[in-house]
Structures are given as structure tokens and as C-alpha cells.
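Per the UniProt record's numbering, the sequence shown starts with residue 1, numbered consecutively. Ideal placement from N, C-alpha and C gives every residue a C-beta, glycine not left out.
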Amino acid sequence: MSYKAFKRLLGETSLERKCRWLLGAGVLVLMTGSFWVYAKQTESLAYEQLDTTGRALLSPIVARLHVKEGEDRDAVDEFQRLTEENWPETLKGYNYKLIKPDSKNPESQPTIDDLAEIHRIQNDPTKNEEKRKAPKENAYYYYGVIRARPSCVGCHSDRAKVGDKVVAPGLKPDDVMAVVLIRLSTQSIEEGFHTNRAVLISFAIGTSLLIIAGSYLIIRYVIVKPVKHLKEVSEAIAAGELNIRSEIQTGDEFEDLSHAFNRMLRNLTNIQERNRKLIADLDRKVDELARVNMALFESNRLKSEFLSTMSHELRDPLNSIIGFSEVLLSADNLTEKQHRYAGNIMTSGQRLMALINDILELAKLEAGKMRLHPEPVNVAQACEHAVALIRPQADAKNIDVRVVADPNAPPARQDAGKVHQIITNLLSNAVKFTPEGGWVTLKAACDGHDLVLTVSDTGVGIAPEEQDLIFEKFRQAANPMTREQGGTGLGLSIVRELAKLLGGDVTVQSELGRGSTFTVRIAARLADEPLLGFELTEEPLAVRERAEAKG
1 MSYKAFKRLL GETSLERKCR WLLGAGVLVL MTGSFWVYAK QTESLAYEQL DTTGRALLSP
61 IVARLHVKEG EDRDAVDEFQ RLTEENWPET LKGYNYKLIK PDSKNPESQP TIDDLAEIHR
121 IQNDPTKNEE KRKAPKENAY YYYGVIRARP SCVGCHSDRA KVGDKVVAPG LKPDDVMAVV
181 LIRLSTQSIE EGFHTNRAVL ISFAIGTSLL IIAGSYLIIR YVIVKPVKHL KEVSEAIAAG
241 ELNIRSEIQT GDEFEDLSHA FNRMLRNLTN IQERNRKLIA DLDRKVDELA RVNMALFESN
301 RLKSEFLSTM SHELRDPLNS IIGFSEVLLS ADNLTEKQHR YAGNIMTSGQ RLMALINDIL
361 ELAKLEAGKM RLHPEPVNVA QACEHAVALI RPQADAKNID VRVVADPNAP PARQDAGKVH
421 QIITNLLSNA VKFTPEGGWV TLKAACDGHD LVLTVSDTGV GIAPEEQDLI FEKFRQAANP
481 MTREQGGTGL GLSIVRELAK LLGGDVTVQS ELGRGSTFTV RIAARLADEP LLGFELTEEP
541 LAVRERAEAK G
């Protein structure tokens, strides 16, 4: 039987069949082993009885050989035959032979089959017997050793040669004088063995069959039947019949299992009912959430339309105000007071325009309507251009602006406009909050797959509890100098949103009164597709501005 077939027999058949096979095989092996041990023990006892028989025959045979001259040898033999008639059948079929190792008589010399036993007897002074089985001959050979005793030494040394009874001079006690070979027939014993084995095998097979039949009934009605009932109930439950229950009344663990199964089913039904109610509540909440989401979408659309409309409506008057204020400032006939008023008008208009631009920029970022345009960007040149734009403000406050960037570094693949806007916002913020005579440092470097932009200043610094708030919309640090500088509070919010859009983020390290360091870490190489997971559309404002530019 192959391994797969054996595995299929033990693991892939029914429980009933598997139990029958395992129990039947176990019983058969146990019975066979027990009876085999019993048979071997019986055989050993039988052969030990043959040894006893050989020992019992040794003395009469030696006595027969010692019949003195003048005695009636036939009478002795007749007496021996009369004695043997009362023996059991196993003792009657024997014959013997006297073996003398140094005899010249062929009848007293050992045969080839006897040499091994005779050799062992001669080499071991303590050995008085030896035996040999001959199953092919149905015979058992017993070798009885005749050793010289003091009386034997005196008798045999003084006698002359009479037939074979000549003993070599120098005979000593315990020397081997002769070996009596007794051949006992084992035919009746073997027949008894065969009969006994047949009876044992019959009993083993019959007992095994009875045990297998009994175990079959026990397994089928005590074990398999309750299990099959539980299986049928489980299949019915799987088909959706939740009202069915297990009914096992055996008064044992199967009944306890049935009760536990029914409790589990009741709990399952209760849980299913609760889940049904929860799902219904969840469906209602999903519907409410969908309605709220639609309302939010509509609000967002209205907000975008409002911002687009308002930006257009506000930019036109603001551009006119800024333009007329520039015209007034260029006039020569204005008094100093009028010139100051015109400058205030232009400054306020520019601030309002910057506020509108920041709000629109942040709205576009939050709405996901920003397009990315990946292209090769020379980071060092981008830094120099941003510093050139911010330098007039820095020179007005005598602030030293430094750039640390490798002009020979390989170009990054990024959106140049948005990288420029990030750098400009950070530099503008740093110059705004750095006192006169301070310095601002812009560093750009590649760190693995990231582009790292760092802006450090010697400004007023930011308190630790406010460092997470400055990136929120319309939030500024609670610092008197911050309030004096004004601003919309959207610059850092725009930086954070742009950094996320470019695959990174912005962090700050600052100590109050000792300056701040803003670090932007973005991807050095942008993919060609946008990072946003939905289709981007252009804002109506951008289309309108391009149309106005063409017009």
C-alpha cells in the first residue's frame, strides 16, 4: 500500500470506516502478537521437556552399557523395554549412540553433524550436556557427557581391552570418557505444535472478528450516529434553516455537545438579528451621509463659483485702484500729504490683491484642482531666482540672504512653478520676521530620492506650543512683532499644501528669540501622472484670465 493510499484510508474516509480499520488492525496485531508469544513459550517448554527426557534416559543407557560379563544382556534389555512401554509416546521413539572422541571404531566416532557439539563439550570442562535441533529430520539430539569419576578411573585403568572399553592410560577425574547421543523424535511434538497454532490462529481470527463486529456496532450507534446528526443539523443551518435544533439524548458528552451547539445557534441567531438592526441603522446613516456629502459638494461648488466670481469682480477694481494710485504717485503737482495718501492706497491695494491671490491659491489646493507639470528643474538656479525676487525687501531691512546649493548637481524632476512658490513663501516669511541686520540662509540638497529645501533665519522664533498652529489657515504666532508685520496667515498653509502635493511635507524647528528653521522634503523626481487620484479640471477663473490676456 502506497503512502497516499494509506493516508487516504486514515484521513479521508468516514469516521466510521476509519475507526473500524484502526480498531480492527490494532486488535488483530495485539491478538497475533499475544498468541505468537504464547506459541513460542509453549514450544520452548516442549523442547525443555525433551532435555529432561534426555537426562532421564542417560542413566539407563549407561547402566545397560555397564552390564558385566556373565550377566544376561537380553534380560536387561527386556527389563528396559518393559519399562519403556509405560512411557508416553514422545519418549518411546528414541535411539542412542555412544561416541568416544579417541575411538578407532567407526561406530563410536562422531559424524560431521556432531563435530560442533563434541568440540564445545571438549573445550568446556563444566559442560555436561549439549543439544541440537534437526527440524528437517523431525528429530532432537541430546548429547549427554560421561565424565570420569574416581571409581571409573580405578576400574577402567585396570581392565584390559574388551571390545571398545579400552581407556587410554592416564585417565583422570572429570575427563570426558564418552558422549551418549540420544536421538528423540519430535514428530508428535511438531504435530501438537501445528494443532496448537491452528487453534490459536482460529481463536485469534474469531476473537478479532467478534471485537470488530462489536466495535462496529458501538462506533456506529454510540459515536457516528450523534456526529452524523450534528452534521445534518449543521448542513441545514448552512442552508438557512435557523429554526432547527439538535436533539441528542444519550446522557453523555454528545448530549452536552448538543446543548452547547443549540446555545451557540441561539446566540448566532441573536447576533444576526442585532447585525440586521445595525445594518439597517448603518444604511440610514449612509443615506444621511450621502445627502450631507451631496450638500457639501454643492457647497464646495458654490464656494468655487463664488471665489471665481468674487476674485474676478474684486481684481478688476483693485487693478484699477492700483493703477490709478501709481498714476497719482507719478504726478508732480501733489502735495506731500496727497503723495502719502496715494502711496497708502497703492500699498493697501497690493496687500488686498495678495490676500485674494493667497485665498484663491489655497482654495484650489484644497479642492484638488492644482495641475502638476513635472519638468527638469535646476534647483540652484531656482533658489537664485527666488532670492533675487525677495532681495529688495531684505535690503530694505539690511538682511543678508545667502544661498547654499550646488550649481552642478543633477536637475530634479519637479513642478518648477510650485517649487519656486514654496521657496518664495518661506523666504518672504523669514525676511518679514527677521529684525534689521539679521541673516537668512536658503539651502538645497538631494538626500537619496528626496529634495530637501531648508530656510533658516535669525528672527523672533516661534514658541513650542505654537509650532503646530502656524500651518493652519489664518493663524499666526502670538508674537508682538508678528502682529506688527501683519499678513494673511496663509503663506505657511500654502507651503504645506504644496509640499504634500509634491509628495512631501514641511517641518519647523524654532527657539523663541533665536530664529527658526523650516525644512521642506519633497520627491526629487515626480511621476508623469498627477499625484491626485481623480481627474483635475481647470477653474473657470483660469480660463477667464487667459481669455482676458488674449483679448
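To the nearest angstrom, report how far apart residue i and residue j are at their CA atoms.
i       : j       : result
Arg-284 : Arg-301 : 25 Å
Gly-24  : Ser-208 : 7 Å
Leu-498 : Met-264 : 56 Å
Asn-343 : Asp-450 : According to the sequence provided, residue 343 is Gly. The question's Asn does not apply to it. Approximately 44 Å, taken between the alpha carbons.
Arg-371 : Ser-234 : 58 Å
Leu-492 : Leu-307 : 21 Å
Asn-357 : Ser-428 : 15 Å
Ile-279 : Leu-289 : 15 Å
Gln-338 : Val-495 : 38 Å
Ala-178 : Glu-43  : 30 Å
Gly-192 : Ile-201 : 14 Å
Arg-120 : Tyr-216 : 58 Å
Tyr-221 : Gly-33  : 30 Å
Arg-340 : Asp-447 : 50 Å
Trp-21  : Ile-211 : 12 Å
Arg-274 : Leu-282 : 12 Å
Gln-109 : Val-37  : 40 Å
Ser-311 : Asp-468 : 30 Å
Glu-247 : Gln-41  : 54 Å
Asp-395 : Glu-466 : 29 Å
Asp-316 : Ser-330 : 21 Å
Gly-437 : Ser-299 : 48 Å
Glu-361 : Arg-276 : 47 Å
Gln-272 : His-229 : 24 Å
Phe-35  : His-194 : 13 Å
Pro-407 : Ala-524 : 16 Å
Val-251 : Ala-236 : The residue asked about is misnamed: residue 251 is Gly in this sequence, not Val. If you take the alpha carbons of Gly-251 and Ala-236, they lie about 24 Å apart.
Lys-136 : Gln-187 : 10 Å
Leu-314 : Gly-349 : 10 Å
Ser-456 : Ile-399 : 13 Å
Lys-131 : Ile-118 : 10 Å
Val-162 : Lys-104 : Low confidence applies here, because Val-162 scores a pLDDT of 42, under 50, leaving its location unreliable; read the following figure in that light. Taking the straight line from one Cα to the other gives about 14 Å.
Lys-133 : Val-29  : 30 Å
Ile-359 : Thr-309 : 13 Å
Sort out for me which residues DSSP pairs residue i with in a bridge.
i           : result
Phe-518     : Val-455 and Val-508
Thr-207     : DSSP, once it has assigned bridges, lists no residue as partnering Thr-207.
Gln-249     : Bridge partners of Gln-249: none, in fact.
Trp-36      : Paired residues: none, contrary to the question.
Gln-414     : Glu-375
residue 623 : Residue 623 is absent from the model: the chain starts at 1 and stops at 551.
Lys-337     : Note: Lys-337 sits in no beta bridge, so no partner.
Val-401     : Val-440
Ala-354     : Note: Ala-354 sits in no beta bridge, so no partner.
Asp-450     : Asp-447 and Ala-523
Ser-428     : Bridge partners of Ser-428: none, in fact.
Ser-185     : Ala-139
residue 553 : In the structure displayed, the chain extends from 1 to 551; residue 553 sits before or after that span and is not available.
Using a threshold of 8 Å, state whether the C-beta atoms of residue i and residue j are closer than that.
i           : j       : result
Asn-138     : Ala-39  : no
Ala-430     : Val-419 : no
residue 580 : Ala-405 : Outside the shown range of the chain (1 to 551) lies residue 580, about which nothing can therefore be said.
Pro-374     : Gln-421 : no
Leu-98      : Val-180 : yes
Val-401     : Arg-391 : yes
Gly-461     : Arg-514 : yes
Lys-473     : Leu-501 : no
Gly-503     : Leu-526 : yes
Val-506     : Thr-517 : no
Ile-112     : Gly-144 : no
Tyr-140     : Glu-129 : no
Ile-322     : Ala-382 : no
residue 604 : Ala-198 : Outside the modelled stretch of the chain, which goes from 1 to 551, sits residue 604, for which no answer is possible.
Less than 8 Å between the CB atoms is what I'm expecting for residue i and residue j, so what's the real figure, rounded?
i       : j       : result
Thr-269 : Leu-242 : 5 Å
Thr-434 : Lys-443 : Going by Cβ atoms, the distance from Thr-434 to Lys-443 rounds to 16 Å, so no, they are not a contact pair.
Arg-245 : Asn-262 : 5 Å
Val-387 : Ala-409 : So it is not a contact: roughly 17 Å between Cβ atoms.
Ser-320 : Ile-345 : Between Ile-345 and Ser-320 the Cβ distance is about 11 Å, and since that is not below 8 Å, they are no contact.
Ala-148 : Asp-174 : 6 Å
Leu-328 : Leu-352 : Wrong, their Cβ atoms sit about 17 Å apart, outside the cutoff.
Return yes when the C-beta of residue i is under 7 Å from any heavy atom of the ligand HEM, and no when it is not.
i       : result
Lys-473 : With respect to small molecules bound, the structure shown includes none, and the ligand HEM cannot be examined in it.
What are the uninterrupted segments assigned as beta strand (DSSP E) that are 3 or more residues long and contained completely in the stretch 91-115, given in chain order?
94-99
At 4 residues or longer, what runs of the alpha helix (DSSP H) sit wholly inside the UniProt domain "HAMP" (221-273)?
Fully enclosed alpha helix (DSSP H) runs of 4 or longer: 225-238.
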